[in-house]
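Below you'll find the structure, written out as structure tokens, and then a few comments.
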Ligand code: KG4
Ligand code: ZN
């Protein structure tokens, strides 16, 4: 079975093509995995700007599709060329599907008729959670393609996609050896969740953030420290410099930040107080030092302390949950999974405290949003006997 997956929930326009064989113990071959990032466009705004994201997805999704088909089926772009035109009745339908994306409609009607129908059996598309205007571009594009190619569309939960990102290893991989129950720590710009996985499709959220997501806290603290967006990589780069200087980190007592909810009995998180603590810390420091933000050593030390606080809480709660639910494996997913300190601490602590538990970390290339993970989730959804919604809609706040 060949799945073409589309992901446009935030600031990445992504399309992947995945071949799957083997039923419930599948083997995967990732034929194409194209991600077009909008980070540079949003960076001046310090965050993702939804209307801009929608415009960029509409502009880029047809070129991303052409690239994915070229990668996936080994045909050069010129080989797509077949001169066919859509009948008027189809143009009418496509026009109504893409009426809110006029620029995309124009490109669609110009480019898609030239493309020979590829060997795609099903289209998977992210329908939430995410930015609604951005999600709609992917959904409407999926519907339009499905009409032309006469294939079904499967809606996929973006967070379910992140659950699978730890399994993507190069071009060929399988996920059969890992045993249930599993625990997933999903940490991104919009979510911080602990998910208990009884089997694929059976998820229970056992903890989540009460306020800011972990990635959001990185982004907001970075802004306070005068560092560029996205904040995660900016902060962790500086924190790494401070971390190498053990003497300095020991002397940082005055910069010690709280570990919110670390000892609460539940598996919830809270990061907004930590952000406020950084604000107060900056105020106090500026009484003693002039131009704190210009002081590289101070900024590095705050970055280090902040990262330690976030990582301490994430690791402690994850291990507590794994113990309580006796999970056989721990998965990590979401943009913050790129964080080297989080990866190192999870690796150390799981090996020491839960030596019989498998820890699976995603490759750094699959932590951020991509469509390969959506394709895997789409595959498992295709096996499910649950009825699919007839009319797929964008659901910004969809839960897992
Ligand atoms: O999953 P993702 O690409 O998009 C969402 O669905 O939100 O996550 C993006 C988030 C941003 O908040 C970014 O600052 C954070 O992931 N991030 C990091 C790192 N790289 C990205 N946070 C901490 N350390 C990193 N190295
Ligand atoms: Zn994401």
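Residue numbers (this note's numbering): 170 to 569.
Cβ coordinates follow ideal geometry from the N, Cα and C atoms, glycine included.
These numbers were taken from a predicted model, which means no experiment stands behind them.
Taking the beta strand (DSSP E) that residue i belongs to, which residues open and close that run?
{"i": "residue 198", "result": "196-206"}
{"i": "residue 499", "result": "498-502"}
{"i": "residue 229", "result": "Counting along the chain, residue 229 falls outside any beta strand (DSSP E), though it belongs to the alpha helix (DSSP H) covering 219-242."}
{"i": "residue 356", "result": "351-356"}
{"i": "residue 529", "result": "527-529"}
{"i": "residue 382", "result": "Note, residue 382: premise wrong, no beta strand (DSSP E); not H, not E."}
{"i": "residue 348", "result": "Where residue 348 is concerned, there is no enclosing beta strand (DSSP E), given that its DSSP letter is neither H nor E."}
{"i": "residue 281", "result": "Note, residue 281: premise wrong, no beta strand (DSSP E); not H, not E."}
{"i": "residue 297", "result": "291-297"}
Excluding the 5 residues flanking residue i on each side, which residues of the same chain have their C-beta closer than 7 Å to its C-beta?
{"i": "residue 422", "result": "none"}
{"i": "residue 313", "result": "263, 266, 267, 277"}
{"i": "residue 348", "result": "497, 498"}
{"i": "residue 260", "result": "278"}
{"i": "residue 358", "result": "382, 384, 385, 388, 504"}
{"i": "residue 223", "result": "302, 303, 306"}
{"i": "residue 410", "result": "469"}
{"i": "residue 551", "result": "291, 323"}
Excluding sequence positions up to five away, which residues of its chain have a Cβ less than 8 Å from the Cβ of residue i?
{"i": "residue 484", "result": "511, 514, 515, 518"}
{"i": "residue 378", "result": "360, 361, 362, 437, 438, 439, 440"}
Do the CB positions of residue i and residue j come within less than 8 Å of each other?
{"i": "residue 539", "j": "residue 225", "result": "no"}
{"i": "residue 340", "j": "residue 198", "result": "yes"}
{"i": "residue 254", "j": "residue 298", "result": "no"}
{"i": "residue 482", "j": "residue 430", "result": "yes"}
{"i": "residue 444", "j": "residue 381", "result": "yes"}
{"i": "residue 172", "j": "residue 290", "result": "yes"}
{"i": "residue 569", "j": "residue 328", "result": "yes"}
{"i": "residue 474", "j": "residue 426", "result": "yes"}
{"i": "residue 330", "j": "residue 295", "result": "yes"}
Hey, is residue i close to the ligand KG4, as in C-beta under 7 Å from one of its heavy atoms?
{"i": "residue 505", "result": "yes"}
{"i": "residue 202", "result": "no"}
{"i": "residue 268", "result": "no"}
{"i": "residue 531", "result": "no"}
{"i": "residue 387", "result": "yes"}
{"i": "residue 464", "result": "no"}
{"i": "residue 399", "result": "yes"}
{"i": "residue 287", "result": "no"}
{"i": "residue 534", "result": "no"}
{"i": "residue 508", "result": "yes"}
In the DSSP assignment, find the unbroken alpha helix (DSSP H) run with residue i in it and report its ends.
{"i": "residue 467", "result": "465-493"}
{"i": "residue 261", "result": "257-266"}
{"i": "residue 550", "result": "541-552"}
{"i": "residue 566", "result": "Unbroken run through residue 566: none, as it is neither H nor E."}
{"i": "residue 409", "result": "400-412"}
{"i": "residue 337", "result": "Looking at the DSSP string, residue 337 is not in any alpha helix (DSSP H), and its letter there is neither H nor E."}
{"i": "residue 308", "result": "301-318"}
{"i": "residue 171", "result": "Per DSSP, residue 171 belongs to no alpha helix (DSSP H); it is in the beta strand (DSSP E), 171-176."}
For residue i, verify whether its CB is less than 7 Å away from any heavy atom of the ligand ZN.
{"i": "residue 335", "result": "no"}
{"i": "residue 357", "result": "yes"}
{"i": "residue 538", "result": "yes"}
{"i": "residue 327", "result": "yes"}
{"i": "residue 331", "result": "yes"}
Out of the options, which one is the CA nearest neighbour of residue i?
{"i": "residue 365", "options": "505, 353, 425", "result": "353"}
{"i": "residue 478", "options": "273, 527, 174, 405", "result": "405"}
{"i": "residue 335", "options": "547, 445, 527", "result": "527"}
{"i": "residue 310", "options": "268, 391, 298, 351", "result": "268"}
{"i": "residue 505", "options": "488, 523, 532, 495", "result": "532"}
{"i": "residue 227", "options": "475, 175, 368", "result": "175"}
{"i": "residue 200", "options": "330, 342, 316, 258", "result": "342"}
{"i": "residue 493", "options": "522, 428, 216, 256", "result": "522"}
{"i": "residue 202", "options": "433, 188, 395", "result": "188"}
{"i": "residue 524", "options": "464, 491, 231", "result": "491"}
{"i": "residue 320", "options": "350, 331, 288, 332", "result": "288"}
{"i": "residue 447", "options": "566, 434, 462", "result": "462"}
Closer than 6 Å by C-beta to residue i: which residues in its own chain qualify, once you throw out the five before and the five after it? Chain order, please.
{"i": "residue 337", "result": "535, 541"}
{"i": "residue 177", "result": "226, 303, 306, 307"}
{"i": "residue 234", "result": "184"}
{"i": "residue 472", "result": "404, 407, 408"}
{"i": "residue 507", "result": "533, 536"}
{"i": "residue 453", "result": "none"}
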